[in-house]
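**Student:** Each residue of the sequence shown is one higher than the one before, starting from 1 at the first, in the UniProt record's numbering.
Glycine residues also receive a C-beta, built at the ideal position from the N, C-alpha and C atoms.
Computed from a predicted structure; not experimentally measured.
Following this message is one structure expressed as structure tokens.
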Amino acid sequence: MQILVLGATGFVGGSLVPALLEAGHEVRALSRNRDRATATLDDRVEVVEGDVLDPETLDGVFEGIELVYYLVHSMDAGGQYEQRDRQAADNVATAASEAGVDRLIYLGGLGETGNDLSTHLASRREVEGRLADGEYDLTTFRAAIVVGAGSESFEMVRQMVKRIPVMITPTWVRTPAQPIAISDVVAYLSKAATTPETAGKTLEIGGPEVLSYEEMMRRTAAVMGRRLYVFPVPFLTPKISVYWIDLVTDTPPSISHPLIEGLKNPVVVTDERAQELLDVELTPFDEAVETAVTSARST
Numbered sequence: 001m002q003i004l005v006l007g008a009t010g011f012v013g014g015s016l017v018p019a020l021l022e023a024g025h026e027v028r029a030l031s032r033n034r035d036r037a038t039a040t041l042d043d044r045v046e047v048v049e050g051d052v053l054d055p056e057t058l059d060g061v062f063e064g065i066e067l068v069y070y071l072v073h074s075m076d077a078g079g080q081y082e083q084r085d086r087q088a089a090d091n092v093a094t095a096a097s098e099a100g101v102d103r104l105i106y107l108g109g110l111g112e113t114g115n116d117l118s119t120h121l122a123s124r125r126e127v128e129g130r131l132a133d134g135e136y137d138l139t140t141f142r143a144a145i146v147v148g149a150g151s152e153s154f155e156m157v158r159q160m161v162k163r164i165p166v167m168i169t170p171t172w173v174r175t176p177a178q179p180i181a182i183s184d185v186v187a188y189l190s191k192a193a194t195t196p197e198t199a200g201k202t203l204e205i206g207g208p209e210v211l212s213y214e215e216m217m218r219r220t221a222a223v224m225g226r227r228l229y230v231f232p233v234p235f236l237t238p239k240i241s242v243y244w245i246d247l248v249t250d251t252p253p254s255i256s257h258p259l260i261e262g263l264k265n266p267v268v269v270t271d272e273r274a275q276e277l278l279d280v281e282l283t284p285f286d287e288a289v290e291t292a293v294t295s296a297r298s299t
């Protein structure tokens, strides 16, 4: 199958591309810097230069493509990321439709619907809606925190656990979430390429356990051989908590602030169709953390 990956050098894309190649697919990657991407990616990947924010650079990029993976997100580019994400989604939907792409697979955010979503989750939902306007079959995967080396959300947890043995935290640490290993995300995404039953569906994916953020931090600490004491207090809001996270982690504020705001929303799988259709063997949380921590140490 001829596949185009948007975001091929990112955290998820960097793991997905090798899996697609291993499965025998022909992979094309879009990058704003062709030379840099070529040096990073497998020699079998066709790298084309372009920018999803500039429609003129997308001419010919989607030609001959059967399936597109949409893994781009503008949050790491600073403020106003919602507007950039709208523009990117519209440009891709138009270009893919004009080229006759059959399917597009989008990785978005897990969480409740409604008016109380964080800005980050609301933006992911809006991107999903804009991509759905294209003339192709859209498959949306919604995931919560992805555990792996290079995941901004997990790296934030790892650094807090490493640097702060005693935490006075907001009550958001008790919000339920369903973290998932990066290997399981890749398994879902890659299997969907050859599972036509996933076309046109929105699928929720998560790991085998529902945990609070406090439990995730405690168990991450245990894997790292550390003890952690957490004391939630009601007067600390997510907005206040971002300031001490800025002090103790290397996560850029443009990323940490939207992520922390989103911790008020439970992110738990309520629809099991993804597992029924794709039958992924899910990785236990502690095992996923061990793999992520070991990989982080080696880099």
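Could you give the first and the last residue of the continuous beta strand (DSSP E) run that contains G111?
**Tutor:** Neither: G111 is in no beta strand (DSSP E) and is coded neither H nor E.
**Student:** Name the two residues that bound the continuous alpha helix (DSSP H) containing I164.
**Tutor:** I164 -> no alpha helix (DSSP H), and no H or E assigned at all.
**Student:** Using 8 Å for Cβ pairs, my map puts T140 next to A199. What's the rounded Cβ distance?
**Tutor:** That belief does not hold up - the Cβ atoms of T140 and A199 are roughly 11 Å apart, past 8 Å.
**Student:** Does the count of Cβ pairs from the region 160–176 and the region 125–144 closer than 8 Å reach three?
**Tutor:** The answer is no - the region 125–144 does not touch the region 160–176, with fewer than three Cβ pairs under 8 Å.
**Student:** Just verifying my parser: in three-state terms, what is the DSSP assignment at S31?
**Tutor:** Strand, per DSSP.
**Student:** Throw me the rounded Cβ distance for the R103 and Y136 pair, which I believe falls under 8 Å.
**Tutor:** Contact holds; Cβ gap of about 6 Å.
**Student:** Quickly, what does DSSP pair E204 with across the bridge? List them, please.
**Tutor:** According to DSSP, which records beta bridges pairwise, E204 is partnered with R142.
**Student:** Can you find a heavy atom of the ligand HEM that lies under 8 Å from the Cβ of R124?
**Tutor:** With respect to the ligand HEM, the structure shown offers nothing to examine, as it has no ligands at all.
**Student:** With C-beta atoms as the reference, is I182 less than 9 Å away from V293?
**Tutor:** Cβ distance not < 9 Å, so I182 and V293 don't count as in contact.
**Student:** Could you pull out every residue in the same chain whose Cβ sits closer than 7 Å to the Cβ of Y64, ignoring the five residues on either side in sequence?
**Tutor:** Reading off the sequence shown, one finds Gly at residue 64, where the question assumed Tyr. Within the same chain, G64 has close Cβ partners Q2.
**Student:** Buried or exposed: where does P284 fall if 16 or more other Cβ atoms within 10 Å of its Cβ makes it buried?
**Tutor:** With fewer than 16 other Cβ atoms within 10 Å, it is exposed.
**Student:** Looking at the secondary structure, which residues open and close the alpha helix (DSSP H) in which F11 lies?
**Tutor:** From DSSP, the alpha helix (DSSP H) with F11 extends over 11–22.
**Student:** Tell me whether Q178 is buried or exposed, calling it buried when 16 or more other Cβ atoms sit within 10 Å of its Cβ.
**Tutor:** Buried, because 16 or more other Cβ atoms sit within 10 Å of the Cβ of Q178.
**Student:** How should N265 be labelled, buried or exposed, when 16 other C-beta atoms within 10 angstroms of its C-beta is the threshold for buried?
**Tutor:** N265 should be labelled buried.
**Student:** Would DSSP call F231 helix, strand or coil?
**Tutor:** F231 falls in the strand class under three-state DSSP.
**Student:** Helix, strand or coil, according to DSSP, for E272 in the structure here?
**Tutor:** Residue state, collapsed to three classes: coil.
**Student:** Use the C-beta contact count for F62: other C-beta atoms within 10 angstroms, 16 or more gives buried, fewer gives exposed.
**Tutor:** It counts as buried.
**Student:** Which class does Y188 belong to by DSSP, given the choice of helix, strand or coil?
**Tutor:** Helix, per DSSP.
**Student:** When you compare only the Cα positions, how much space is there between D35 and T9?
**Tutor:** One C-alpha to the other measures close to 12 Å.
**Student:** Are the Cβ atoms of L21 and V45 separated by less than 9 Å?
**Tutor:** Result yes, Cβ atoms of L21 and V45 sit closer than 9 Å.
**Student:** Quick one: Cα of A39 to Cα of P232, how far?
**Tutor:** So the two alpha carbons sit approximately 46 Å from each other.
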